[in-house]
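> Protein chains in written order, with my numbering: chain A, 1 to 206; chain B, 1001 to 1206; chain C, 2001 to 2206; chain D, 3001 to 3206.
Just so you know, even glycine gets a beta-carbon here, dropped at the ideal spot from N, CA and C.
Computed from a predicted structure; not experimentally measured.
Protein chains: 4
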Amino acid sequence: MKKNRSPGRPPSHKVTQPTNELILQTAAQLFLNHSYSEVSMDDVAIECNITKATVYYYFNTKAVLYTETMIKMMERIRGHIMTILVEDKPLKSRLLKLAITYLTETISIDIDGIMRGTKNTLSESQTQAIRKEEDQMYQVIANVLEDAMKMGEVRKIDPIFAAHAYMSLLTIDTDRNTKEGTFISPPIEETAENIIDFFWRGISKE
Amino acid sequence: MKKNRSPGRPPSHKVTQPTNELILQTAAQLFLNHSYSEVSMDDVAIECNITKATVYYYFNTKAVLYTETMIKMMERIRGHIMTILVEDKPLKSRLLKLAITYLTETISIDIDGIMRGTKNTLSESQTQAIRKEEDQMYQVIANVLEDAMKMGEVRKIDPIFAAHAYMSLLTIDTDRNTKEGTFISPPIEETAENIIDFFWRGISKE
Amino acid sequence: MKKNRSPGRPPSHKVTQPTNELILQTAAQLFLNHSYSEVSMDDVAIECNITKATVYYYFNTKAVLYTETMIKMMERIRGHIMTILVEDKPLKSRLLKLAITYLTETISIDIDGIMRGTKNTLSESQTQAIRKEEDQMYQVIANVLEDAMKMGEVRKIDPIFAAHAYMSLLTIDTDRNTKEGTFISPPIEETAENIIDFFWRGISKE
Amino acid sequence: MKKNRSPGRPPSHKVTQPTNELILQTAAQLFLNHSYSEVSMDDVAIECNITKATVYYYFNTKAVLYTETMIKMMERIRGHIMTILVEDKPLKSRLLKLAITYLTETISIDIDGIMRGTKNTLSESQTQAIRKEEDQMYQVIANVLEDAMKMGEVRKIDPIFAAHAYMSLLTIDTDRNTKEGTFISPPIEETAENIIDFFWRGISKE
DNA sequence: AATGAATGAGCATTCATTCAT
DNA sequence: TATGAATGAATGCTCATTCAT
C-alpha cells in the first residue's frame, strides 16, 4: 500500500480511545479498502500515529490482527443487521432499509472478496474463525427470511441460499453501471429499490 | 505466495508454445488463485520454467503482465459466454447452461474480488483497460437479455443491471452453505438450477 | 530463543525466593543452554513468571544481568570444586570425582565457549569481571595441583596450564564419539576414568 | 555485531574472486570471531562491499550460509591437517608442527564452542551436515594416531578420544594465562611444546 | 517492589526491477 | 531471444530499553 492518506484532518478524538481499539478500527478501514497483502503493519501503525512495535504489542502477528479485525467488524455489522431487520415493519421495507444502509456506507460486506489473498497466510483456525463469524452474519438474515417463509409471507426456499442471494445482489457495483464519461450515478435509493424489487420477485410466492 | 506447487507432473506440451503466451496462461492460473500481491514475478517465472528476466523481456512490469493477463482472460471468457448464449435454445436453458459451465470450472468471474489489492499498484489507464474489458463481458450478457426483453420474453428492466445480477448470483459460494461438519455439498446442477430459478423470477414478467 | 519450554510442571517453590535470586538462577539456566544473543530479556521474564520491567528493576541492562549471572554461577561452581578437591583422598581420586560430577551435571564449564558472542556487547570491565572470576575458578584447581607438585606427588609444570588442561579435557563431547547410528554412549564413569587416566599421565612423574 | 570493521586497508584483491566465494570467505572470518546470532546478513554484505540482497542471491537463508561456510572451512582445515600430519617425520614432530600452525593462525577449531547458539536456528539436517564434516576432521587425526598405535609407536587407546583430547588441549587460551597486567604472553612455540609434551605423555607407552 | 505501555533500532527475508552479456 | 547477477526498498517481526504509575 502506497502512502496516500485520506485527505483532510482526521476527526479529533474527543474521548481518548484505548490503543487496541484504535488499532482495530484503523485496521478495519485499511483492510476494507485494500487487500491483506497490500496493507503493511507499518501502514496500520502510521495511520494510528503509533509505532509498529506498539501494534505488535497488542497483536502478535499480522494474521492475528487481521483475524481479530475481521471478526470485530462482522460482529458490528451483524448488530446493525439485526437492529434493522428486527423492526416492526413489513419484511420488504426492512430489506430495503438494510440495502440502503449498506449501499450508503461503503462497508462492503463482500467477505469472499475481502478474504482473497489470505489462503497461504492465515492459519486454518484463523480462517475458520472468520468463516464462522461470517456464517453467523448470514444466519441472522436467513433466520428472518425463514420466519417470513413460515408465516407464508414468502415462498419456501433454502433460507441460507436466499440470504446469500440477497447479500450478493448488494455487492453489485452500481457506480460503474454508468455510460462512458457520465459521472452521474443513479441515486442509491433507486439502486436499492431495483435490487430489492428483483430480490423480492425471487422469493415471493407466485 | 508460498511454494506448494500442485502435485504431479505438469502435462508435457507437445506443441511448443510461444513464450509470451505461456507466460500469459501461467499468470492467469496464478492470479486467479492468489491475489495480485501474493503472486511474485519469480512465481510466474518458476512455474513457466524460465527466468524472471525472461518474463521481464516480454512484460515490462508486473502491472503490465497483470493487465494483459486479465484482459486476455476476459476475452476468452467472453468468447465462452457468447458461444453458449448464442445457441438456439430457450433463454432460460442457455442461462442455465452458462451457469453450470461457470460453476463447474473454478473460473471465478468475480472480477471485483479479483481486482481487490490493485488500487495503488495499477495505473489509471491499466485499471480502465481491465474495466473496459469487464464491461464488454457484461455487455454480451446484457445484449442477450435486452433482446429477450424486446421479444417480450422477459420483463423490461435495465439490462446491465440484470447482467450484473446474474453474475453476482453466480459468485455465491455454495461449498460453504452446508451445515457444520457436513461435507456433502449439493451437486452443481442443483445449485445452478436454484440460481437460475431465482434469477428467472427476477426478470420474468409477472 | 524460540519458545519450547521444558515439559512438565516446574517444581513449585515452597520457600518464596527473593526475586533477584530467582532471576539470577533462571538466567543461569538459559545462558548455559543458549548463547547470549539467543536469550532475550523476555525469555528470562517469562521463565520467571514476572514482567520484563521487573527484570530491569533488578538488573539495569542485559549485559549486567549476564555478567552477574556468570559470576554468581562460577562462584557456585568454584564452591563445588573446592568441596570436592579438599577432601582427604588421593589426588587422582579427587580429580576423578570432580570429573564425574561435572560430566554428570550438564554444567558445561566451557567458559570460553559460553562467552562467545559477547565481544561487542559486554563492556571491558564486565568482560574483565567475568574473566577474573573464571581465573579464580581455575586457580582453585591450580592450587591443589601445585600443592601436589610441592609434595612430589606429581611432576612440576605450570599449575595454571595443568588446570586448563584438566578442564579442557572435560569439555570433550563424548556423546558424539560413537559410531554412526549407535546411540549407546559409554557410561560417564568410563569416560571420566579415561580422561583422568590421560590427564594423570600428563602430570605424573615418569 | 556492532560496526567496528577491522582497522587498516583490506588487502586489495589482485584476482577478482567469484562473488559466492568472496561471501563464503568473508562469512568464515565473521562467524569465527562472533557468534551466529551476532553476525547479521548486513554485516556479511557490508564486509563484502555488496548488498544484502546479493548475499541472498547466493545463499537462501542465513542458516544455509552458515552451514556452507562452516563446511567449507572445515574442509580447508582438514586439508591443512592432512598435509602436515602426512609428512615424513616422527609423529611427535608432526603433532607439534600442527599445534604451532593452529596456535599461530587464529583459526579456532573449537567447533563445539562455535556452534553454540545454533540449536534452535539450524535445521536438523544442517546441524548433521556440519557435525559430519567435523567428525571427518577428527577422523583424520584419529587415523594417524591409530596408525601409530598399530606401529607400536604409542599405546593403544581409543583413537577418536585421543584426537579429541589433542584438539581440546589446543583450545586452551594461553593469552590469558598471564599474570595481572602482564601482556607478555609466552611465545607460541613454547605453549605448543608444553601442550604436545603433555599430550605425548598421555598417549606414549609407559 | 512491580508493571503495562510504548518505542527506536535492527534483522532476516522478499521482491520488482535493471543491465550487461 | 534469453539470462545470471545485482540491487533498493519494503515487510513482518524482535528486542533491549524507558517511563509513568
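1) Taking only beta carbons into account, state which residues of the segment 1061-1075 of chain B come closer than 8 angstroms to chain A, listed in chain order.
2) Out of B:Q1017, B:M1041 and B:A1063, which one is the CA nearest neighbour of T1054 of chain B?
3) Taking Cβ-Cβ distances below 7 angstroms as the criterion, which residues of the segment 140-173 of chain A are in contact with chain B?
4) Exposed or buried, what is D112 of chain A when buried is set at 16 or more other beta-carbons lying within 10 Å of its beta-carbon?
5) Check the Cβ of N3020 of chain D against every Cβ in chain C and list those closer than 7 angstroms, keeping chain order.
6) Identify the contact partners of F2198 of chain C in chain D, using a Cβ-Cβ distance below 7 angstroms as the criterion.
7) Under 8 angstroms, Cβ to Cβ, is there at least one residue of chain B near E105 of chain A?
8) Quick one: complete alpha helix (DSSP H) runs, 4+ long, within the segment 3047-3077 of chain D?
9) Is it the case that the segment 3073-3087 of chain D contacts the segment 2080-2091 of chain C, given that we only count it when at least three CB pairs across the two stretches are under 8 angstroms?
10) What's the C-alpha gap between K3119 of chain D and E2124 of chain C?
11) Please classify T1067 of chain B as buried or exposed, where buried requires at least 16 neighbouring CB atoms within 10 angstroms.
12) Between D:H3164, D:T3171 and D:M3115, which has its C-alpha nearest Y2036 of chain C's C-alpha?
13) Since G1202 of chain B is in the alpha helix (DSSP H), which residue starts that stretch and which ends it?
14) Going along the chain, which residues of its own chain have a beta-carbon closer than 8 angstroms to the beta-carbon of L96 of chain A, five neighbours each way excluded?
15) Please look up how many angstroms separate the CB atoms of A27 of chain A and T69 of chain A, rounded, as I've assumed it's under 8 angstroms.
16) Within its chain, find whatever has a CB closer than 7 angstroms to the CB of T1051 of chain B; leave out the 5 residues flanking it on each side and keep chain order.
17) Using a 10 Å radius around the Cβ and a threshold of 16 neighbouring Cβ atoms, would you call S1093 of chain B buried or exposed?
18) Leaving out five residues on either side along the sequence, give the residues of the same chain with a beta carbon under 7 angstroms from the beta carbon of E2153 of chain C.
19) Taking just the CA atoms, how far does Q3029 of chain D sit from M2082 of chain C?
20) Is there a Cβ of chain D sitting closer than 8 angstroms to that of E2038 of chain C, yes or no?
21) What does M1 of chain A touch in chain B if you count any residue whose Cβ is under 8 angstroms from its own?
22) Considering only the alpha carbon of each residue, which of C:Q2139, C:E2021, C:A2148 and C:P2018 lies closest to G2079 of chain C?
23) With DSSP collapsed to three states, give me the class of E2153 of chain C.
24) Excluding the 5 residues preceding and the 5 following H2164 of chain C in the sequence, name in chain order all residues of the same chain whose CB lies nearer than 6 angstroms to its CB.
25) May I ask you to report which of helix, strand or coil DSSP gives P90 of chain A?
26) My guess is that S168 of chain A and L1169 of chain B are in contact by the Cβ rule of under 8 angstroms, so how many angstroms apart are they, rounded?
27) Can you find the residues in the same chain that come closer than 6 angstroms, C-beta to C-beta, to E133 of chain A, ignoring five residues on each side of it along the sequence?
28) With the cut-off set at 8 angstroms, would you say Q1126 of chain B and A1063 of chain B are in Cβ contact?
29) Quick one: what's got a C-beta closer than 6 angstroms to L98 of chain A's C-beta in the same chain, skipping five residues either side?
30) In whole angstroms, what separates the C-alpha of P159 of chain A from that of M149 of chain A?
31) What residue from B:I1130, B:L1065 and B:D1135 has the CA that sits closest to Q1025 of chain B's CA?
32) In the segment 2076-2092 of chain C, which residues sit with their C-beta less than 9 angstroms from some C-beta in chain D, listed in chain order?
33) Classify T1016 of chain B as buried or exposed, calling it buried when 16 or more other Cβ atoms lie within 10 Å of its own Cβ.
34) Can you pull the chain A residues whose beta carbon is under 9 angstroms from the beta carbon of D1043 of chain B, in chain order?
35) Hey, is I2188 of chain C's beta-carbon within less than 8 angstroms of any beta-carbon in chain D?
36) Under 8 angstroms between C-beta atoms, does S2035 of chain C make it to chain D?
Working from what's here:
1) none
2) For the purposes of this step, residue 1054 of chain B is identified with residue 54 of the second sequence, where counting begins at 1. Per the Cα distances, B:M1041.
3) Identification of residues in the segment 140-173 of chain A having a C-beta nearer than 7 angstroms to some C-beta of chain B yields I160, F161, H164, A165, S168, L169, T171, I172 and D173, given in sequence order.
4) Counted from its first residue, the first sequence places residue 112 of chain A at position 112. With 16 or more Cβ atoms within 10 Å of its Cβ, D112 of chain A is classed as buried.
5) Taking the first residue of the fourth sequence as position 1, residue 3020 of chain D is located at position 20. Those do not exist, as N3020 of chain D stays about 26 angstroms from chain C at its closest Cβ, beyond 7 angstroms.
6) Here residue 2198 of chain C is taken as the residue at index 198 of the third sequence, counted from 1. Result: A3165 and G3202.
7) For the purposes of this step, residue 105 of chain A is identified with residue 105 of the first sequence, where counting begins at 1. For E105 of chain A, the answer is no, since every Cβ of chain B falls outside 8 angstroms of its Cβ.
8) 3052-3058
9) no
10) For the purposes of this step, residue 3119 of chain D is identified with residue 119 of the fourth sequence, where counting begins at 1. For the purposes of this step, residue 2124 of chain C is identified with residue 124 of the third sequence, where counting begins at 1. Across the structure, K3119 of chain D and E2124 of chain C are spaced so that their CA atoms are roughly 28 angstroms apart.
11) Start at 1 with the first residue of the second sequence, and residue 1067 of chain B comes out as number 67. So T1067 of chain B ends up on the buried side.
12) The count along the third sequence starts at 1 and reaches residue 2036 of chain C at position 36. Ranking D:H3164, D:T3171 and D:M3115 by Cα distance to Y2036 of chain C puts D:M3115 first.
13) Against the second sequence, residue 1202 of chain B aligns to sequence position 202. Start and end: I1188 to I1203.
14) Translated into positions along the first sequence, residue 96 of chain A becomes position 96. Excluding residues within five positions, the ones whose Cβ falls inside 8 angstroms are A192, E193 and I196.
15) As a position in the first sequence, residue 27 of chain A is number 27, starting the count at 1. As a position in the first sequence, residue 69 of chain A is number 69, starting the count at 1. Indeed, because the Cβ distance is near 4 angstroms, the residues count as touching under 8 angstroms.
16) Here residue 1051 of chain B refers to the residue found at position 51 of the second sequence. In the same chain as T1051 of chain B, and ignoring 5 residues on each side of it, the C-beta atoms closer than 7 angstroms to its own belong to A1045, in chain order.
17) Numbered from 1 along the second sequence, position 93 holds the residue referred to as residue 1093 of chain B. S1093 of chain B is exposed by the Cβ-count criterion.
18) Locating residue 2153 of chain C in the third sequence gives position 153, where the first residue counts as 1. Closer than 7 angstroms at the Cβ level, and outside the excluded window around E2153 of chain C, lie L2091.
19) Looking up residue 2082 of chain C in the third sequence gives position 82. Looking up residue 3029 of chain D in the fourth sequence gives position 29. Cα to Cα, the separation comes out at about 39 angstroms.
20) Here residue 2038 of chain C refers to the residue found at position 38 of the third sequence. For E2038 of chain C, the answer is yes, since a Cβ of chain D falls inside 8 angstroms of its Cβ.
21) For the purposes of this step, residue 1 of chain A is taken as residue 1 along the first sequence, with counting starting at 1. What M1 of chain A touches in chain B: N1120.
22) Here residue 2079 of chain C refers to the residue found at position 79 when the third sequence is read from its first residue. Comparing Cα positions, the closest option is C:Q2139.
23) As a first step, residue 2153 of chain C is located in the third sequence; it is residue number 153 there, counting from the start. Reduced to three states, the DSSP call for E2153 of chain C is coil.
24) Translated into the one-based positions of the third sequence, residue 2164 of chain C becomes position 164. Counting only Cβ-Cβ distances below 6 angstroms, and skipping sequence neighbours, we find nothing.
25) Start at 1 with the first residue of the first sequence, and residue 90 of chain A comes out as number 90. In this structure, P90 of chain A counts as coil in the three-state DSSP scheme.
26) Numbered from 1 along the first sequence, position 168 holds the residue referred to as residue 168 of chain A. Numbered from 1 along the second sequence, position 169 holds the residue referred to as residue 1169 of chain B. Their Cβ separation, rounded to whole angstroms, is 6 angstroms, which keeps S168 of chain A and L1169 of chain B in contact under 8 angstroms.
27) Mapped onto the first sequence, residue 133 of chain A falls at position 133. Excluding residues within five positions, the ones whose Cβ falls inside 6 angstroms are I71 and M74.
28) If you number the second sequence from 1, residue 1126 of chain B lands on position 126. If you number the second sequence from 1, residue 1063 of chain B lands on position 63. Taking 8 angstroms as the Cβ cut-off, Q1126 of chain B and A1063 of chain B qualify as a contacting pair.
29) Position 98 of the first sequence holds residue 98 of chain A. Taken in chain order, the residues that qualify are I84.
30) If you number the first sequence from 1, residue 159 of chain A lands on position 159. If you number the first sequence from 1, residue 149 of chain A lands on position 149. Using only the alpha carbons, I get a separation of about 9 angstroms.
31) Position 25 of the second sequence, counted from the first residue, corresponds to residue 1025 of chain B. Nearest neighbour of Q1025 of chain B by Cα position, chosen from B:I1130, B:L1065 and B:D1135, turns out to be B:L1065.
32) Those would be none; no residue qualifies.
33) Along the second sequence, one-based indexing puts residue 1016 of chain B at 16. T1016 of chain B comes out exposed.
34) Stepping through the second sequence from its first residue, residue 1043 of chain B is reached at position 43. Within 9 angstroms Cβ-Cβ: nothing; D1043 of chain B doesn't reach chain A, min ~11 angstroms.
35) By one-based count along the third sequence, residue 2188 of chain C stands at place 188. With a threshold of 8 angstroms between beta carbons, I2188 of chain C makes no contact with chain D.
36) In the third sequence, the residue the question calls residue 2035 of chain C occupies position 35. Answer yes: the Cβ-Cβ gap between S2035 of chain C and chain D drops below 8 angstroms somewhere.
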